[in-house]
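Using numbering that gives the first Met the number 0, the first residue of the sequence shown is number 0, and each one after it goes up by one.
Reviewing the structure listed below.
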Amino acid sequence: MLFDTRPKTKLEDLFDRIDERKAFEDALYNYPLVVVTGLRRVGKSSLIKAMLNELQEITLFLDGRSLYSSSGGNITKFRLISHIEKELARVSLKHKIIKFLKELRGISIKGNSITLIRKELDLSSLMERLNEFAAKNGRNIILYIDEAQYLKYYGSRGGKDLLTLLAFIYDNLHNTKLVITGSEIGLLHDFLRFSDYESPLYGRAYSEICIEPFKRKTSIEFLKKGFAQINLPVSFDIEEVVDILDGIPGYLVLFGVKYREFLDVKEAIEKVFSYLSGMISSELKELEKRSPRYLKILKHIAAGVDSWAGLKRLLIASDDQISDSRLYETLNILQQTSWIKKTNGKYDIVDPVLRRVISKILE
Numbered sequence: 000m001l002f003d004t005r006p007k008t009k010l011e012d013l014f015d016r017i018d019e020r021k022a023f024e025d026a027l028y029n030y031p032l033v034v035v036t037g038l039r040r041v042g043k044s045s046l047i048k049a050m051l052n053e054l055q056e057i058t059l060f061l062d063g064r065s066l067y068s069s070s071g072g073n074i075t076k077f078r079l080i081s082h083i084e085k086e087l088a089r090v091s092l093k094h095k096i097i098k099f100l101k102e103l104r105g106i107s108i109k110g111n112s113i114t115l116i117r118k119e120l121d122l123s124s125l126m127e128r129l130n131e132f133a134a135k136n137g138r139n140i141i142l143y144i145d146e147a148q149y150l151k152y153y154g155s156r157g158g159k160d161l162l163t164l165l166a167f168i169y170d171n172l173h174n175t176k177l178v179i180t181g182s183e184i185g186l187l188h189d190f191l192r193f194s195d196y197e198s199p200l201y202g203r204a205y206s207e208i209c210i211e212p213f214k215r216k217t218s219i220e221f222l223k224k225g226f227a228q229i230n231l232p233v234s235f236d237i238e239e240v241v242d243i244l245d246g247i248p249g250y251l252v253l254f255g256v257k258y259r260e261f262l263d264v265k266e267a268i269e270k271v272f273s274y275l276s277g278m279i280s281s282e283l284k285e286l287e288k289r290s291p292r293y294l295k296i297l298k299h300i301a302a303g304v305d306s307w308a309g310l311k312r313l314l315i316a317s318d319d320q321i322s323d324s325r326l327y328e329t330l331n332i333l334q335q336t337s338w339i340k341k342t343n344g345k346y347d348i349v350d351p352v353l354r355r356v357i358s359k360i361l362e
């Protein structure tokens with residue numbers, strides 16, 4: 000069903016994305032490493048989960064944002080191992096992997112229960128054993144890491160230990176594929192550092208797929224099909240709704256859910272913005288912890304100030320004596336974290352809905 004706020008897990012529930020589906024499948028079988036990027040709520044998780052379920056590969060899932068949040072901003076080995084332990088328990092029940100894990104140092108098995116011993120477990124050895132299982136059964140292991148940029152907060156070396164593990168998998172485990180996603184696109188690449196000679200992943204070939212928002216026509220078709228699925232007649236102008244909500248699938252899904260609940264277009268749209276305001280407020284608070292200046296700049300850009308000179312002038316007028324280099328750095332970070340975009344030298348919030356929400360929150 001299209002109007003389900005959870006990530007899709009079946010291709011039949013995935014609207015359009017024909018080109019992206021083909022690109023992902025081709026990349027998965029032609030490259031050891033696939034990077035999938037796109038704005039928040041654009042549908043990266045839905046595409047990947049639906050495709051991996053369709054391909055019936057053995058998938059280990061790591062949620063970078065969840066690891067970061069549950070660790071208080073500093074991902075420990077204990078937290079990572081606990082996460083992997085839960086995934087192994089899920090996968091082993093479905094694919095009967097337990098036999099292959101017996102006698103591996105750092106793993107205790109009792110019946111169908113798997114316990115990982117943090118001080119003894121070597122993750123490279125674990126991945127080797129899983130790779131052996133996949134090879135023997137003519138399958139692939141997919142290590143799927145969502146919002147991987149948060150893994151830079153693992154350990155004391157900026158996540159370098161995990162990059163070393165990924166490089167080991169890439170080079171040696173031919174029945175293991177890596178799928179890595181990120182919404183903060185600049186930070187994701189800063190973490191992976193494919194072009195940095197000192198990075199463990201330096202020089203590795205990979206395929207990158209960017210998931211774009213729907214075009215206007217596709218957004219209209221999406222809403223029409225969603226309402227048809229739930230047998231709800233459309234008595235309003237869908238095009239006007241799309242003009243407001245644009246092409247982020249997550250926003251359109253939420254509108255469909257709220258309209259079904261209230262049967263009033265205006266109220267449904269208001270509920271969408273109210274819900275998003277709550278989510279984005281928490282993200283802005285995290286950003287503010289780094290520097291209140293980020294919020295000042297976002298407020299000005301959301302209000303229509305689109306030039307470097309205009310932003311500098313307003314900051315100086317508010318007694319913020321920011322240097323040129325610091326302003327460039329701050330704008331670059333906002334681009335890397337996918338809050339703003341720069342087109343033909345002009346700055347803007349990455350999507351119109353986010354612009355409206357930021358304007359309301361920071362007014």
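Note that CB positions come from ideal geometry on N, CA and C, so glycine has one too.
Small disclaimer: the values here were computed from a predicted structure and weren't measured.
Compare the beta carbon distance of residue i and residue j with 9 Å and say whether it is the shorter of the two.
i           : j           : result
residue 180 : residue 90  : no
residue 271 : residue 244 : yes
residue 106 : residue 142 : no
residue 255 : residue 225 : yes
residue 297 : residue 274 : no
residue 199 : residue 166 : yes
residue 346 : residue 290 : no
residue 100 : residue 59  : no
residue 211 : residue 37  : yes
residue 32  : residue 280 : no
residue 84  : residue 122 : no
residue 186 : residue 148 : yes
residue 27  : residue 54  : yes
residue 192 : residue 164 : no
residue 52  : residue 10  : yes
residue 154 : residue 190 : no
residue 15  : residue 220 : yes
Under the assumption that residue i contacts residue j (Cβ atoms under 8 Å), give the Cβ distance between them as a whole number of angstroms.
i           : j           : result
residue 6   : residue 65  : With 8 Å as the limit, residue 6 and residue 65 do not qualify as a contact, their Cβ atoms being about 13 Å apart.
residue 20  : residue 0   : Wrong, their Cβ atoms sit about 19 Å apart, outside the cutoff.
residue 341 : residue 314 : With a Cβ gap of about 18 Å, residue 341 and residue 314 do not count as contacting.
residue 222 : residue 251 : 6 Å
residue 8   : residue 48  : 5 Å
residue 218 : residue 241 : 5 Å
residue 23  : residue 259 : Not quite, the Cβ-Cβ distance comes to about 30 Å (not below 8 Å), so this is no contact.
residue 156 : residue 57  : No, residue 156 and residue 57 are not in contact; Cβ-Cβ is about 29 Å, not under 8 Å.
residue 133 : residue 140 : 5 Å
residue 128 : residue 76  : Wrong, their Cβ atoms sit about 19 Å apart, outside the cutoff.
On the DSSP letters alone, give me the boundaries of the alpha helix (DSSP H) that residue i sits inside.
i           : result
residue 108 : Not the alpha helix (DSSP H): residue 108 falls in the beta strand (DSSP E), residues 106–109.
residue 199 : Per DSSP, residue 199 belongs to no alpha helix (DSSP H) and is neither H nor E.
residue 189 : 184–191
residue 255 : 248–261
residue 357 : 351–360
residue 99  : 97–100
What first and last residue would you give for the beta strand (DSSP E) that runs through residue i?
i           : result
residue 177 : 175–181
residue 345 : 345–348
Determine the closest residue to residue i out of the options, with distance taken between C-alpha atoms.
i           : options            : result
residue 333 : 348, 122, 322, 312 : 348
residue 71  : 162, 317, 323, 152 : 152
residue 81  : 96, 95, 62         : 62
residue 292 : 261, 27, 30, 327   : 327
residue 317 : 299, 284, 186      : 299
residue 248 : 113, 40, 23, 9     : 40
residue 284 : 361, 239, 260, 352 : 361
residue 131 : 154, 103, 114, 319 : 103
residue 354 : 344, 343, 339      : 339
residue 17  : 213, 154, 288      : 213
residue 208 : 184, 75, 164       : 184
residue 135 : 172, 119, 162, 161 : 172
residue 303 : 322, 287, 357      : 357
residue 92  : 111, 78, 79        : 111
Quiz prompt | Any alpha helix (DSSP H) of 4 or more consecutive residues that is wholly inside the region 276–342 | solution = 291–301, 307–316, 323–335
Self-check item: Whole runs of the beta strand (DSSP E) within the region 112–163, excluding any shorter than 3 residues
Solution: 112–115, 140–145
Self-check item: Complete beta strand (DSSP E) runs within the region 7–92 (minimum length 3 residues, chain order)
Solution: 32–37, 57–62
Exercise. Report the residue ranges of all alpha helix (DSSP H) runs contained in full by the region 203–241; include only those spanning at least 4 residues, in chain order.
Key: 215–228
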